[in-house]
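Notes follow the structure.
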Amino acid sequence: MPNPSDPKIKQDDDFELIQAINAGHTELFPELVSRYERKLYNFGMRMCRDVQDAEDMLQDTFLNVFRYLKDFRYETRFKNWLYRIATSTCLKKRRKSRFAPERELSLDEFLPREEAEIPVQTPAWASLPLDQLLNEELSSIIKESIQSLPENYRLVLVLRDIEGFSTAETAQVLGLTPENIKVRLHRARLFLREKLKDYFSHDA
Amino acid sequence: MTHDPSHTACLELFEKLSEYLDDELDEQICRQIEAHASTCVACRACLETLRQTVALCRAMRRTEASVPGAFSDRWKEYIRKMASEAMSPHKS
Ligand SMILES: [Zn+2]
Chain A
64 MPNPSDPKIK
74 QDDDFELIQA
84 INAGHTELFP
94 ELVSRYERKL
104 YNFGMRMCRD
114 VQDAEDMLQD
124 TFLNVFRYLK
134 DFRYETRFKN
144 WLYRIATSTC
154 LKKRRKSRFA
164 PERELSLDEF
174 LPREEAEIPV
184 QTPAWASLPL
194 DQLLNEELSS
204 IIKESIQSLP
214 ENYRLVLVLR
224 DIEGFSTAET
234 AQVLGLTPEN
244 IKVRLHRARL
254 FLREKLKDYF
264 SHDA
Chain B
2 MTHDPSHTAC
12 LELFEKLSEY
22 LDDELDEQIC
32 RQIEAHASTC
42 VACRACLETL
52 RQTVALCRAM
62 RRTEASVPGA
72 FSDRWKEYIR
82 KMASEAMSPH
92 KS
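Quick mapping for you: the protein sequence lines, in order, are chains A and B.
The first sequence begins at 64 in my numbering and counts up by one.
The second sequence begins at 2 in my numbering and counts up by one.
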């Protein structure tokens, strides 16, 4: 039985609801689902190929949550545990993609190769306010670029920069070291930056 | 000022930019990075474009879609049924 005086547990917004469900009020489970359904669906849309896969992921994730909730011991926030399940569901569903083949990204590929590639000033797009910059076109460019990241990098970028998990939490969700998360995140961001640089250089 | 891409200071900074942006570095290293970026145009551009990349990525949170209605209705009914069946007295 988890000890509710543990400060970690008190911080979990879902503690009371989970306690009630585990005490036999399973009719409250849909409430837990509605707290996370939208977030998780969007996570699925970023990680999976299409709507069908995202829906399947959502369904399988909550079925697993329902099955294993009794064993949840608040060793992490419920949300982190939920994403851990969702992530492994995504990875199981994975299909080989020709748009984002599995490969390692190296730092070298993001270094300027020639003198001409070395910037002589900060480009204008880097200092514009987001509201001026982020229109529908750019938004879909960013989505496509994220989709074209190799999966291992996409997962880290989505969890860190879009879902807003910390380095430590992301490491916990993915079962990797924080060092590993930092390395992958940096390369994933550099990958995206290249796509944005391309986009804005055509634009100019 | 000329910029040498093999310059050690530039390469070191390049490796640490994300940690710098995420505030995950010691203060001393942060100061070194800031000092270098203030004199090196190329590294400053690198830092600012990466900062903006991260900001754009974070802004994607605003564009969240709703769960498709038909799917949501169908599977919520399923969840409700599953949850209430689990409640029934003959469960183990
Ligand atoms: Zn430099």
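Yeah, the Cβ is synthetic: ideal placement off N, Cα and C, and Gly gets one too.
Placement of the Cβ of Cys11 of chain B at a distance of less than 7 Å from at least one heavy atom of ligand 1 is found.
By the rule that beta-carbons nearer than 8 Å mark a contact, Arg101 of chain A touches chain B. The beta-carbon of Leu255 of chain A is placed less than 8 Å from the nearest beta-carbon of chain B. Contacts between Pro93 of chain A and chain B, judged by CB atoms closer than 7 Å, involve Lys77, Ile80, Arg81, Ala84 in chain order.
No heavy atom of ligand 1 is found nearer than 7 Å to the CB of Ala189 of chain A. Ser73 of chain B places its beta carbon 8 Å or farther from that of Leu248 of chain A. At a beta-carbon threshold of 8 Å, the residues of chain B lying near Asn105 of chain A are Glu65, Ala66, ordered along the chain.
When secondary structure is reduced to three states using DSSP, Tyr104 of chain A falls in the helix class. Distances from the alpha-carbon of Ser264 of chain A to those of B:Glu35, B:Lys82, B:Glu28, B:Thr50 put B:Thr50 closest. Contacts with chain B (Cβ-Cβ distance below 8 Å) from the stretch 233 to 257 of chain A involve Lys245, Leu248, His249, Arg252, Leu253, Leu255, Arg256, listed in chain order. Listed along chain B, the residues sitting closer than 8 Å to Leu193 of chain A by beta-carbon distance are Ala56, Leu57, Ala60. Here Thr233 of chain A really is in contact with Leu222 of chain A; their C-beta atoms are around 5 Å apart, less than 8 Å.
For Ala36 of chain B, the distance from the CB to the nearest heavy atom of ligand 1 is not below 7 Å.
Collapsing the DSSP output to three states places Gly70 of chain B in a helix. At a cut-off of 7 Å, the beta-carbon of Ala43 of chain B counts as near ligand 1: some heavy atom of the ligand is closer than that.
Residues Leu218, Val236, Leu237 of the same chain have their beta carbon placed closer than 7 Å to that of Thr150 of chain A, with the five preceding and five following residues left out of the count. Residue environment: Gln53 of chain B is assigned as buried (16 or more neighbouring CB atoms within 10 Å of its CB, all protein chains considered). Within the same chain, Leu168, Phe173, Ser208, Leu212, Tyr216 come within 8 Å of Phe254 of chain A by CB-CB distance, once the 5 residues on both sides are set aside. Shown here for Trp144 of chain A: same chain residues with a beta carbon closer than 7 Å to its own, the five before and five after excluded, namely Phe135 in chain order. Contact annotation for Leu18 of chain B against chain A: His249, Arg252, Leu253 [CB-CB distance below 9 Å, chain order].
In terms of Cβ geometry, Phe78 of chain A and Phe129 of chain A do not form a close pair [threshold 8 Å].
In this structure, the C-beta of His249 of chain A stays at least 7 Å away from each heavy atom of ligand 1. If you check the C-beta of His8 of chain B against ligand 1, you find a heavy atom less than 7 Å away.
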